[in-house]
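**Q** Quick one: structure below, then a few questions.
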Amino acid sequence: MQHLQSPTKPSLELTPQERKALRKQRFQGTNTDNASMEQLKLLRELEYEKKKARALKFGIETKDIKKEKKRERAQRFGINNEWEKKRQRRERFGQQQEGSRRVVTMVAQS
1 MQHLQSPTKP
11 SLELTPQERK
21 ALRKQRFQGT
31 NTDNASMEQL
41 KLLRELEYEK
51 KKARALKFGI
61 ETKDIKKEKK
71 RERAQRFGIN
81 NEWEKKRQRR
91 ERFGQQQEGS
101 RRVVTMVAQS
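Each residue of the sequence shown is one higher than the last, beginning at 1 in UniProt numbering.
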């Protein structure tokens, strides 16, 4: 049976030997050059995407899915984030930091 490969994911084109070498580097912590570090990052991203797709397929809730659901629910019911309100207020009234108070004094000029 032939495996289907997505043309948009270049790391799927790695040979099994290359994948083994990358896995070995990742778990042994050997010094690597920049090219292999980029491949490691790409491999980790692919593994994460695979796990995410599998979780969606089988209905398993992950941290990311739970966060997304909470965010959607907050938007649906109009629950506003307190930090977002404070950020908007700072933008409107200046860059005053929370907890610090500016003291404005008026000096009479003579």
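Even glycine gets a Cβ: it sits at the ideal position worked out from N, Cα and C.
May I ask which residues mark the beginning and end of the alpha helix (DSSP H) holding Ile79?
**A** Careful: Ile79 lies outside any alpha helix (DSSP H) and carries neither H nor E.
**Q** Once DSSP output is grouped into helix, strand and coil, what is the label at Leu14?
**A** Coil.
**Q** Could you check if Leu56 is buried or exposed, using at least 16 other CB atoms within 10 Å of its CB as the buried criterion?
**A** It is exposed - the Cβ of Leu56 has fewer than 16 other Cβ atoms within 10 Å.
**Q** Checking 8 Å against the spacing of the C-beta atoms, do Leu22 and Leu43 come in under that value?
**A** Yes, Cβ-Cβ distance for Leu22 and Leu43 is below 8 Å.
**Q** Can you give me the C-alpha to C-alpha distance between Gln13 and Gln28, rounded to a whole angstrom?
**A** The amino acid at residue 13 is misidentified as Gln; the sequence shows Glu. Their Cα atoms are separated by approximately 23 Å.
**Q** Is it true that the CB of Leu40 sits closer than 8 Å to the CB of Arg54?
**A** No. Outside cutoff.
**Q** State the Cα-Cα distance for the pair Glu18 and Glu38, rounded to the nearest angstrom.
**A** Spanning the two alpha carbons is a distance of roughly 13 Å.
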